[in-house]
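In what follows, a structure is listed as structure tokens, so that the remarks can point back to it.
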């Protein structure tokens, strides 16, 4: 039966190919895929120009003028330009965060002072969506001295300078340092960082950028 | 002799490793002290019958002033300035006096990281002094922290109430009350002279939760005035724990399940084995023919 010979040879070859494919697939998927995030800040690309508008100097009199609500955030060094939504507290007492569909937008916590007023203003944003980067994806690239701008409803601009960038395990989040009272106009930007826990679908750490108003 | 040499080598090795371990430890300590090494200071003139002054802030052993506030009149409190933790001195000179002239008053102040201070000229002109006040930057949960500085010479002793809370039953001129936690909201602050005969002074102040306030009692053009200073502010209701700001789309993925690949390898083996056996049988058949 010579007609069977090519079929048998074909089966042998196909079998060997499938084995090779299986072994390759097995070996390739044994390593975890690395994060999309660049580990170290490369050459910073100034993607955005600094915004313009009247910069409000800190008040010199004893009674500071009321400050308008924040409407947008610009961080030229890491290409962030976003409107600001308002965020409150979730029913479990945790910080409300933008929905997945709004992951490209950052939000100001309305329970904190307004950016540029005395105190620690809080702005949070997502690091990523379910399949790619979100508004604060490159937040970890900021270092002391970098500029952050917040535009307010009355058109005035508040300019901040980064003083430090800290990473904390969420289990050891320093509530007093981040949300506690401070005597000058400051800003804290918060996003996630560190290991992603696939069981709870949450990152285990937060990164907090501390900044003070330039006056 | 040999033993001693070995001992010496061991000690040297131990010393070297201690040095190597010590350097990173020292470096970390340095890094943390530079990231959180700032405190705050503000300057005030709270002496009713003292004319305007120029106030100078010097970093310790540097004769060039860091900050100069010109023509600071009675009742003025500057905003807080953020400065590196360390030793400073504050000097007061008559308004317009040369920066190199002998100051009327001076005092030293040590600024600790994360702490705030008010350096105020207090008392009557005849007994003017620079007082360093340690300012509190923490509030009881959900409350406002309030204190009073009594800087009125017209009424030497006053009682100060905020809503129904007595901040001080008897506060003497040029003294400062202790901090007190109060319920946030819009409330009436009332200052009344302890000695009979003078009327009360009332004004409305609004204190938000998570803020620290100093109420300053001043001599006004007529009667007393109360200045409400918001010293510090934070989140009145701090969110619990960390912030959930990520959906994991850029996180590293763990190794996937090996099962599909193992099944593929198994199937491949079966296929190859079948093909191979057939080939062999075919060859045997061909050979027999």
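Chains as they are written, first to last, in my numbering: chain A, 1 to 215; chain B, 1001 to 1289. Built from N, CA and C at the ideal position, the CB exists for glycine as well. All figures in this text were calculated on a predicted structure; none of them were measured in a lab.
Top-ranked residue by Cα proximity to residue i, from the options
| i | options | result |
| --- | --- | --- |
| residue 1082 (chain B) | B:1113, B:1190, B:1166 and B:1288 | B:1113 |
| residue 181 (chain A) | B:1149, B:1185 and B:1238 | B:1238 |
| residue 1074 (chain B) | B:1123, B:1104, B:1058 and B:1062 | B:1123 |
| residue 158 (chain A) | A:81, A:51 and A:193 | A:51 |
| residue 1096 (chain B) | B:1077, B:1203, B:1078 and B:1072 | B:1072 |
| residue 1226 (chain B) | B:1150, B:1050 and B:1108 | B:1150 |
| residue 79 (chain A) | A:175, A:137, A:170 and A:113 | A:137 |
| residue 134 (chain A) | A:108, A:101, A:119 and A:165 | A:101 |
| residue 116 (chain A) | A:161, A:104, A:95 and A:18 | A:161 |
| residue 1111 (chain B) | B:1086, B:1104 and B:1258 | B:1086 |
| residue 1222 (chain B) | B:1154, B:1088, B:1084 and B:1135 | B:1154 |
| residue 1093 (chain B) | B:1080, B:1136, B:1128 and B:1062 | B:1128 |
| residue 84 (chain A) | A:114, A:93, A:53 and A:92 | A:114 |
Residue i and residue j closer than 8 Å at C-beta
| i | j | result |
| --- | --- | --- |
| residue 1118 (chain B) | residue 1208 (chain B) | no |
| residue 1192 (chain B) | residue 1158 (chain B) | yes |
| residue 1065 (chain B) | residue 1099 (chain B) | yes |
| residue 156 (chain A) | residue 144 (chain A) | no |
| residue 128 (chain A) | residue 1037 (chain B) | no |
| residue 150 (chain A) | residue 49 (chain A) | no |
| residue 1146 (chain B) | residue 1171 (chain B) | no |
| residue 87 (chain A) | residue 107 (chain A) | yes |
| residue 140 (chain A) | residue 193 (chain A) | yes |
| residue 1277 (chain B) | residue 9 (chain A) | no |
| residue 27 (chain A) | residue 1262 (chain B) | no |
| residue 187 (chain A) | residue 123 (chain A) | yes |
| residue 1229 (chain B) | residue 1077 (chain B) | yes |
| residue 18 (chain A) | residue 1267 (chain B) | yes |
| residue 1057 (chain B) | residue 1046 (chain B) | no |
| residue 1139 (chain B) | residue 1185 (chain B) | no |
| residue 215 (chain A) | residue 1236 (chain B) | no |
| residue 1177 (chain B) | residue 1167 (chain B) | yes |
| residue 1080 (chain B) | residue 197 (chain A) | no |
Helix, strand or coil at residue i according to DSSP, with G and I counted as helix
| i | result |
| --- | --- |
| residue 176 (chain A) | helix |
| residue 1090 (chain B) | strand |
| residue 1229 (chain B) | strand |
| residue 95 (chain A) | strand |
| residue 161 (chain A) | strand |
| residue 185 (chain A) | strand |
| residue 1282 (chain B) | helix |
| residue 1214 (chain B) | strand |
| residue 1253 (chain B) | strand |
| residue 201 (chain A) | coil |
| residue 1066 (chain B) | coil |
| residue 171 (chain A) | helix |
| residue 1042 (chain B) | strand |
| residue 104 (chain A) | coil |
| residue 1183 (chain B) | coil |
| residue 133 (chain A) | strand |
| residue 1114 (chain B) | coil |
| residue 118 (chain A) | coil |
| residue 152 (chain A) | strand |
| residue 1271 (chain B) | helix |
| residue 16 (chain A) | helix |
| residue 1095 (chain B) | coil |
Distance between residue j and residue i (C-alpha atoms, nearest Å)
| i | j | result |
| --- | --- | --- |
| residue 1040 (chain B) | residue 1231 (chain B) | 11 Å |
| residue 1053 (chain B) | residue 1201 (chain B) | 28 Å |
| residue 213 (chain A) | residue 1090 (chain B) | 24 Å |
| residue 1033 (chain B) | residue 209 (chain A) | Annotation note: pLDDT 36 at residue 1033 (chain B) (below 50); position unreliable, coordinate value reported separately. Their Cα atoms are separated by approximately 17 Å. |
| residue 1141 (chain B) | residue 1101 (chain B) | 48 Å |
| residue 1272 (chain B) | residue 5 (chain A) | 14 Å |
| residue 90 (chain A) | residue 98 (chain A) | 11 Å |
| residue 166 (chain A) | residue 207 (chain A) | 6 Å |
| residue 131 (chain A) | residue 1253 (chain B) | 12 Å |
| residue 146 (chain A) | residue 74 (chain A) | 12 Å |
| residue 1133 (chain B) | residue 1190 (chain B) | 23 Å |
| residue 1274 (chain B) | residue 12 (chain A) | 7 Å |
| residue 1116 (chain B) | residue 1233 (chain B) | 13 Å |
| residue 67 (chain A) | residue 154 (chain A) | 9 Å |
| residue 1035 (chain B) | residue 1169 (chain B) | Reliability fails at residue 1035 (chain B), whose pLDDT of 42 lies under 50, so the model's placement of it is uncertain and no value is given. |
| residue 172 (chain A) | residue 204 (chain A) | 10 Å |
| residue 109 (chain A) | residue 1204 (chain B) | 27 Å |
| residue 42 (chain A) | residue 1173 (chain B) | Interpretation of residue 42 (chain A) is limited by its pLDDT of 46, a score under 50 that renders its predicted location unreliable; no figure is taken from the coordinates. |
| residue 105 (chain A) | residue 81 (chain A) | 9 Å |
Selection of the region 9-20 of chain A by Cβ proximity to chain B, strictly under 9 Å: Interface annotation for the region 9-20 of chain A against chain B: 9, 10, 11, 12, 13, 14, 15, 16, 17, 18, 19 and 20, criterion Cβ-Cβ distance under 9 Å.
Members of the region 1073-1098 of chain B that neighbour chain A once the beta carbon cut-off is set at 9 Å: 1075, 1076, 1077, 1078, 1079, 1080, 1081 and 1082
Mind checking the region 1223-1234 of chain B against chain A and listing, in chain order, the residues whose C-beta falls within less than 7 Å of any C-beta there? So the list reads 1227, 1229, 1230, 1231, 1232, 1233 and 1234, given in the order they occur along the chain.
Can you give me, in chain order, the residues of the region 114-135 of chain A that have a beta carbon less than 8 Å from any beta carbon in chain B? 117, 118, 119, 120, 122, 124, 125, 126, 127, 128, 129, 130, 131, 132, 133 and 134
Give the residues from the region 1253-1270 of chain B that approach chain A closer than 9 Å (Cβ to any Cβ), ordered along the chain. 1253, 1254, 1255, 1256, 1257, 1258, 1260, 1261, 1262, 1263, 1264, 1265, 1266, 1267, 1268, 1269 and 1270
Chain-ordered residues of the region 177-191 of chain A with a beta carbon less than 7 Å from chain B: 179, 180, 181, 182, 183, 184, 190 and 191
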